[in-house]
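The sequence shown begins at 352 in my numbering and counts up by one.
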Amino acid sequence: MLDTERIVVCCGSGGVGKTTTAAALALRAAERGRSVVVLTIDPARRLAQSLGLTTLDNTPREVAGIDESAGGRLDAMMLDMKRTFDEIVLAHSSPERAQALLDNPFYQTLSSSFAGTQEYMAMEKLGQLDASDEWDLIVVDTPPTRSALDFLDAPTRLGTFLDGRLLRVLLAPAKAGGRAYAKVLGAGIGMFTRVLTKVLGAQLLTDLSVFVAALETMFGGFRARADQTYRLLGEQGTSFVVVAAPEAAALREASYFVDRLDADGMPLAGLVVNRTHHSDAGTLTAERSLAAAENLDEHGEHPLAAAVLRIHAERARLADREARLRERFTSAHPDTPLVEVEALAEDVHDLDGLREIGCALARVE
Numbered sequence: 352m353l354d355t356e357r358i359v360v361c362c363g364s365g366g367v368g369k370t371t372t373a374a375a376l377a378l379r380a381a382e383r384g385r386s387v388v389v390l391t392i393d394p395a396r397r398l399a400q401s402l403g404l405t406t407l408d409n410t411p412r413e414v415a416g417i418d419e420s421a422g423g424r425l426d427a428m429m430l431d432m433k434r435t436f437d438e439i440v441l442a443h444s445s446p447e448r449a450q451a452l453l454d455n456p457f458y459q460t461l462s463s464s465f466a467g468t469q470e471y472m473a474m475e476k477l478g479q480l481d482a483s484d485e486w487d488l489i490v491v492d493t494p495p496t497r498s499a500l501d502f503l504d505a506p507t508r509l510g511t512f513l514d515g516r517l518l519r520v521l522l523a524p525a526k527a528g529g530r531a532y533a534k535v536l537g538a539g540i541g542m543f544t545r546v547l548t549k550v551l552g553a554q555l556l557t558d559l560s561v562f563v564a565a566l567e568t569m570f571g572g573f574r575a576r577a578d579q580t581y582r583l584l585g586e587q588g589t590s591f592v593v594v595a596a597p598e599a600a601a602l603r604e605a606s607y608f609v610d611r612l613d614a615d616g617m618p619l620a621g622l623v624v625n626r627t628h629h630s631d632a633g634t635l636t637a638e639r640s641l642a643a644a645e646n647l648d649e650h651g652e653h654p655l656a657a658a659v660l661r662i663h664a665e666r667a668r669l670a671d672r673e674a675r676l677r678e679r680f681t682s683a684h685p686d687t688p689l690v691e692v693e694a695l696a697e698d699v700h701d702l703d704g705l706r707e708i709g710c711a712l713a714r715v716e
C-alpha cells in the first residue's frame, strides 16, 4: 500500500494510537523512497513530538533525521481550520468582500468553532495537497471520535446548513435591500423577522444576514471542491486504515468505521489492532501460574518468583481476553485484513519508535 497508493486515511476512536500509526506509515513510506506529507486533524500535539518537531501548523514542514538513502522525504502539518477557511475566503473573493467577511462576527465563530467546520476544512486541505502534485503520498490522521468520518458528509452538511429555511429568511434582507425588503417578505415572515430583531437586536440580525449573503456567493465553489475530494477518496489510489485498541469499546467503533466505509463504497485496506499483548510462555496458563505462586507463598520461598508468576498470570488473562475480542471482530468482518502491533515498553516519542511501529505494521521482524 505504501509503495502504490496516493492517499492513506487513518481513522479510529480516541486513544488507540491512530496518530502514531499515521506517522509510522508516513515515515516508512518516506524511507522507502516516496515523497510524503502527513496531515493531522487530531487536536493533540503528539504527532509533532514523535516526529521531532517543536510545532506543527497549517504549512507542511520537513522532518529532519529520516533515512533519505532511497530518495524519499517527509513533511508534516496540522490542520488549522480557521486559517484554512481564511485562505479560501481570500482566494475566492475580492479584497473588499473578503475583508468584510473576515471581520464579520458570525464568520469568526463559524470558522473557529462551528460543528463540522473542522471536517469540511479537512476536505479543502486534502484537496489542496492533492492538487499541488508536490507529494507522492498523503497520509491523513482524522479526529479521534466517531465523527472521524464526518468529513465524508461535509459537502451535504454545509449545504443543508446554508439551504435551511431559517437562513433563507435571514438572507432576504441582503437580497432585497432597503425599502424593497418589506415588499419581498410576506406578512408572516415579516412578523417572524421582527421577533428575531427583538430577540437578537437589529445590528446582530444585520451582521448575520450579511454573513449568510457573503458565504452564499462562495458556497458553490466550496461544494464543488468538496465533492471532487469526496470522489477522490473513493477512487483507486486511496486506502482507508482503521485503527483500534484490543478493547471492547474501541473494536465496536472499528466495526462502525468498517461498516460505514463499506456503505459508502470507500476502499478499506484493513484494521490495525494496536497495543496487543502476547505471551511467549504459551504452555504456562494463568491458572498454572497462580497455583505455582500460591505454592511458593505457602512454603515461604522465592517471593520474587511468585510475584513474576502473578504478573504472568495477569498478562496471560489479558492476552486471552484480547484474543476473544479480536475473534469476535473477525467473525463479523471475515474479509477485513487485520494486523496487530504489540504494546511497547514505553510511549513512542521519536523516529526510532515510529520505525519500530512501521516494522510491526509491515510484519517485518
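The C-beta atom is built at its ideal place from N, Cα and C for all residues, glycine as well.
| Are the beta-carbon atoms belonging to Gly363 and Val594 less than 9 Å from one another? | yes
| DSSP beta-bridge partners for Val490? | Val359, Val389
| task | Kindly indicate which residue of Leu376, Gly368, Ser386 has the alpha-carbon position closest to the one of Met352. | result | Leu376
| query | What is the residue span of the beta strand (DSSP E) that Glu693 lies within? | reply | 689 to 693
| request: Inspect the beta-carbon positions of Gln469 and Leu430 and report whether they are closer than 9 Å. | output: yes
| Span of the beta strand (DSSP E) around Ser730 | Any answer about residue 730 is impossible in this case: the structure gives the chain only from 352 up to 716.
| field | Contact set for Ala674: own chain, Cβ-Cβ below 6 Å, skip 5 residues either direction | value | none
| Among Tyr471, Arg357, Val715, Glu419, which one has its Cα closest to the Cα of Ala575? | Tyr471
| query | How about Leu702 and Val490: are their beta carbons less than 9 Å apart? | reply | no
| request: At 4 residues or longer, and completely inside the stretch 411 to 455: list those alpha helix (DSSP H) runs for me, N to C. | output: 432 to 442, 446 to 454
| field | 6 Å Cβ shell around Ala596 - same chain, five flanking residues per side excluded | value | Val367, Asn625, Arg626
| message | Alpha carbons only, please: which of Leu669, Leu402, Asp504, Gly422 is nearest the one belonging to Gln579? | response | Asp504
| message | My parser needs the beta strand (DSSP E) runs of 3 or more residues fully inside the stretch 600 to 627; what are they? | response | 619 to 627
| task | Starting from Arg379, follow the alpha helix (DSSP H) in both directions and report where the run begins and ends. | result | 369 to 382
| task | For Thr751, collect the residues of the same chain with a Cβ closer than 7 Å to its Cβ; drop the 5 residues on either side in sequence, then sort them by chain order. | result | Coverage of the chain is limited to positions 352 through 716, which leaves residue 751 absent and any answer about it impossible.
| In three-state DSSP terms, what is Thr634? | coil
| task | Report the residue from Ser462, Glu678, His629, Val690 whose alpha carbon sits nearest the alpha carbon of Glu665. | result | His629
| query | Between the C-alpha atoms of Ala600 and Arg448, what's the straight-line distance to the nearest angstrom? | reply | 47 Å
| Assigned secondary structure, Asn646 (DSSP; H/G/I helix, E/B strand, else coil) | helix
| task | Please classify Arg639: does DSSP put it in a helix, a strand, or coil? | result | helix
| field | Straight-line gap, Ser462 to Ala451 (C-alpha atoms, nearest Å) | value | 14 Å
| By how many angstroms is the C-alpha of Glu707 removed from the C-alpha of Ala696? | 12 Å
| In chain order, what residues of the same chain lie with their CB nearer than 7 Å to the CB of Asp418, ignoring the 5 residues before and after it? | Glu382
| Just reading off the alpha helix (DSSP H) that Ser364 is part of, what are its end residues? | Note, Ser364: premise wrong, no alpha helix (DSSP H); not H, not E.
| With respect to the alpha helix (DSSP H) encompassing Gly403, which residues constitute its N-terminal and C-terminal limits? | Element bounds for Gly403: n/a, residue is neither H nor E.
| Does any CB atom of chain B fall closer than 9 Å to the CB of Leu647? | Reference to chain B is not applicable here, since this structure consists of a single protein chain.
| Beta-carbon proximity check, Gly616 vs Leu689, cutoff 9 Å | no
| task | Take the Cβ of Asn646 as the centre, count every other Cβ of all protein chains shown within 10 Å, and call the residue buried at 16 or more, exposed below. | result | exposed
| For Glu673, which of helix, strand or coil comes out of DSSP? | helix
| In three-state terms, what does DSSP make of Glu678? | helix
| said: Can you list, in chain order, the residues of its chain with a C-beta nearer than 7 Å to that of Asp354? Leave out the 5 residues immediately preceding and following it. | reply: Arg383
| message | At the level of alpha carbons, what is the spacing between Leu390 and His653? | response | 52 Å
| request: Pick helix, strand or coil for Met472, following the three-state DSSP scheme. | output: helix
| Contacts around Arg661, its chain only, beta-carbon distance under 8 Å, and the 5 residues preceding and following it disregarded | Ser640, Leu641, Ala644
| said: I'd like to check one pair, Val692 with Thr372: are the Cβ atoms closer than 9 Å? | reply: yes
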